[in-house]
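Right, one structure below, let's go through it.
Quick look at the structure:
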């Protein structure tokens, strides 16, 4: 988890400095080792769940808002 937080904070710093950050590019970055790990699996993100407090910075708010707008109607989270 700390790797993820560190990576996100660096992305935020770059964004604040005016760097163009494409969400599509960020999806290819991985904050963890992948040896022996099924990196690409069947994952479901509950986009209607309120974001964690530390995700309320501008870059991530924009991405979450866009994802919610593009989500299929009736898509709901759940375990």
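Numbering (UniProt numbering), first residue to last: 1 to 79.
Cβ coordinates follow ideal geometry from the N, Cα and C atoms, glycine included.
Only a predicted model underlies this, so the values are computations on that prediction, with no experimental measurement involved.
Coil, strand or helix - residue i by DSSP
{"i": "residue 65", "result": "helix"}
{"i": "residue 77", "result": "With a pLDDT of 49 at residue 77, under the threshold of 50, the predicted position of this residue should be treated as unreliable, though the coordinate-derived value follows. Reduced to three states, the DSSP call for residue 77 is coil."}
{"i": "residue 80", "result": "An answer regarding residue 80 cannot be provided, because it is not within the stretch 1 to 79 covered by the chain."}
{"i": "residue 28", "result": "coil"}
{"i": "residue 20", "result": "coil"}
{"i": "residue 58", "result": "helix"}
{"i": "residue 70", "result": "helix"}
Beta-carbon separation (whole angstroms), residue i vs residue j, contact threshold 8 Å
{"i": "residue 22", "j": "residue 11", "result": "That pair is no contact at about 11 Å."}
Member of the options whose CA lies at the smallest distance from the CA of residue i
{"i": "residue 68", "options": "6, 59, 48", "result": "48"}
{"i": "residue 16", "options": "57, 64, 4, 70", "result": "57"}
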